[in-house]
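Chains as they are written, first to last, in my numbering: chain A, 1422 to 1714; chain B, 61 to 415.
Just so you know, even glycine gets a beta-carbon here, dropped at the ideal spot from N, CA and C.
Since we're looking at a predicted model, the values are computed, not measured.
Heads up, the thing below is written out as structure tokens.
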């Protein structure tokens, strides 16, 4: 039983890390209806920039602020050169454009900083903590707390501020938002900037876990089942979905894996999400779709 | 002037229902086929045949399959490569385990197996729409990849899941030279492309388009949604399965499951979007473009920067250019290359006169 709880807790905490990446997806999808495939590349790009700047001898906080600045510039450029010309195009065109963006980001990150694997030391201890006979990684706890804090800030931002309200209005209906004078372009740039910041945090945590390397882009693929489980439009869904995916994938790997050959972590979340969608086609917390002819 | 249909009257139903109702199109297609079937095999180098034309044709076929699903029936899929993979492994196993099975029959059966797998992963499409469906099809991608790597039976107990395609023989005639392989691929692709073109003009094809444009409305006018979507998934996967079998047998020879990874699915999706959604010609134009552009880019970059750069930088530059090009392309011509061809034809009707 203690072993099961340990696996479960480990899975839940790993799930929080998935949630962090999924959050970026949700932010952008909510505000602009764009399924941003580049989120994984943004995580990689942000982490590489940070690691590269630290490698140049910059101190951690300065590098963090500078990376944040780079992500904001990226957001502004994306709004100006990708989103604005593609307004009113079908969703699949925008999706393809973000795949193009993925290539650009991957190419630039590796071109500027090189393709080698970098270690990243955030000063978080990675020693296990013992609670009632169950081992929990301290690093995972810090990651979980960070994700929780980020969600709280984002929730406050969405609910309580003027910009947050404008954001929700845009998410609800582009045209209606425009007609009451909400600047669409600025909102989009802002959302992409926020997604960039989330990507930076996710990149730092994932980067210090796996090393800053190209494989970070694959993290996005882990976040997708989280997304469809929780619903594309829900911040809370991203968190709950992440917890479900993290926990179930670890439990399945440990208990189901040996029976059918192992390595099922890659597809299990997808199949789980797929079965789940058959019951709730809009995810756990996704907005109900109302269809009219 | 050149491309003018004035004076061409359709006086019978048969004439009205032709695939190419305009004489110039028919002549053009005949010349194209003549060049492809006779001139190219005689003149092209074996490099051009094996490294360019064969993969281009095979990927066109896969793009055609995805186009049926996404372009005509409006269902997103990111699992194209998985269905290709199923086709490749199925064809290999039919050849291996059924003694004396004719090559083309094993290809057709491979297509049917892929279609069956496609039906299974298409089932959720009744409930799930849009990007939810796209992400759901990723399940096929990762599951199939895992299955062929882990279950040794599929690859005849090869440790890494790699299969080596059997030599191709049709009725005692070995398909072993580049030109013969090219002709085999070209024949299969031509027949299936014609079938796709005709399919899009039948009741099935029109039902697909109705579902694509608005499925609730389609349901109201009496189109069975689930059956229509499943047929699209099945036929699309059949095309991808045959393409996968050809990819293994006619192009690579030795295939591992990773040859059909997510990148391949994206590549085919690019072909469909850049070529033009919902057109048969777009699949071919897109495949040619996506395969040739990196070669061109590589050549152009080598011309501009002389080799004293950091290794790997060039391939990263290529990546950046390729990504930027896709974005530019979507901005400039969202309907793809097939639309550009349409515009050219419109212009040719008048040229050289202004009106």
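- Along the stretch 1442 to 1460 of chain A, going in chain order, the ones with a CB nearer than 7 Å to a CB of chain B are 1456.
- At least one CB atom of chain B sits nearer than 7 Å to the CB of residue 1687 of chain A.
- Runs of beta strand (DSSP E) with 3 or more residues, each lying fully within the stretch 1517 to 1595 of chain A, are found at 1549 to 1552 and 1555 to 1558, listed in chain order.
- Scanning the stretch 348 to 406 of chain B for uninterrupted alpha helix (DSSP H) segments of 4 residues or longer gives 373 to 392, listed from N- to C-terminal end.
- Under the 10 Å beta carbon count, residue 1629 of chain A is surrounded by 16 or more other beta carbons and is classified as buried.
- DSSP places residue 234 of chain B in the strand class (E or B) of the three-state scheme.
- Of all alpha-carbon atoms in A/1512, A/1526, A/1679 and A/1591, the one lying nearest the alpha-carbon of residue 191 of chain B is that of A/1512.
- In this structure, the alpha-carbon of residue 356 of chain B lies about 51 Å from that of residue 1580 of chain A.
- Taking a Cβ-Cβ threshold of 8 Å, the residues of chain B close to residue 1517 of chain A are 329, 330, 333, 386 and 390, in chain order.
- Ranked by Cα distance from residue 1517 of chain A, the options A/1533, A/1535 and A/1457 are led by A/1457.
- Taking all protein chains in view, the Cβ of residue 412 of chain B is surrounded by fewer than 16 other Cβ atoms within 10 Å, so the residue is classified as exposed.
- Taking a Cβ-Cβ threshold of 8 Å, the residues of chain A close to residue 187 of chain B are 1698, 1699 and 1702, in chain order.
- Counting along the chain, residue 124 of chain B sits inside the alpha helix (DSSP H) bounded by residues 114 to 126.
- Judged by DSSP in its simplified three-state form, residue 1638 of chain A adopts helix.
- Chain B has a Cβ within less than 7 Å of the Cβ of residue 1645 of chain A.
- Contact check between the stretch 295 to 308 of chain B and the stretch 174 to 184 of chain B: three or more CB pairs, one atom from each, fall below 8 Å, which counts as touching.
- Residues of chain B whose Cβ lies closer than 8 Å to the Cβ of residue 1523 of chain A are, in chain order, 383.
- Distances from the CA of residue 1596 of chain A to each of A/1435, A/1453, A/1424 and A/1422 were compared; the closest alpha carbon is that of A/1453.
- The beta carbons of residue 204 of chain B and residue 1649 of chain A sit no closer together than 7 Å.
- For residue 155 of chain B, the uninterrupted alpha helix (DSSP H) run begins and ends at 140 to 157, by DSSP.
- For residue 196 of chain B, the chain A residues whose Cβ falls inside 8 Å of its Cβ are 1649, 1691, 1694, 1695 and 1698, in order along the chain.
- Counting along the chain, residue 1670 of chain A sits inside the alpha helix (DSSP H) bounded by residues 1656 to 1676.
- In terms of beta-carbon proximity, residue 179 of chain B stays away from the interface with chain A, with every pair separated by 7 Å or more.
- With respect to the 7 Å criterion, residue 1449 of chain A and residue 1612 of chain A are classified as neighbours on the basis of their beta carbons.
- Closest in alpha carbon position to residue 227 of chain B, among B/63, B/146 and B/162, is B/162.
- Residue 202 of chain B places its beta carbon less than 7 Å from that of residue 1688 of chain A.
- Comparing C-alpha distances from residue 88 of chain B to each of B/415, B/263 and B/405 shows the shortest one belongs to B/405.
- In the DSSP assignment, residue 1620 of chain A falls within the unbroken alpha helix (DSSP H) covering 1605 to 1631.
- Taking 8 Å as the upper bound for CB-CB distance, residue 225 of chain B and residue 308 of chain B are in contact here, some 5 Å apart.
- Between residue 372 of chain B and chain A, the shortest Cβ-Cβ separation is below 7 Å.
- Pairing residue 164 of chain B with residue 1635 of chain A, the inter-Cα distance amounts to about 41 Å.
- A buried status is given to residue 223 of chain B, since no fewer than 16 other beta-carbon atoms sit within 10 Å of its beta-carbon.
- Distances from the alpha-carbon of residue 125 of chain B to those of B/71, B/174 and B/185 put B/174 closest.
- Only exposed fits residue 1537 of chain A, as fewer than 16 other CB atoms lie within 10 angstroms of its CB.
- For residue 194 of chain B, the enclosing alpha helix (DSSP H) covers residues 190 to 210.
- Annotation for residue 1709 of chain A: no alpha helix (DSSP H) segment contains it, and DSSP assigns it neither H nor E.
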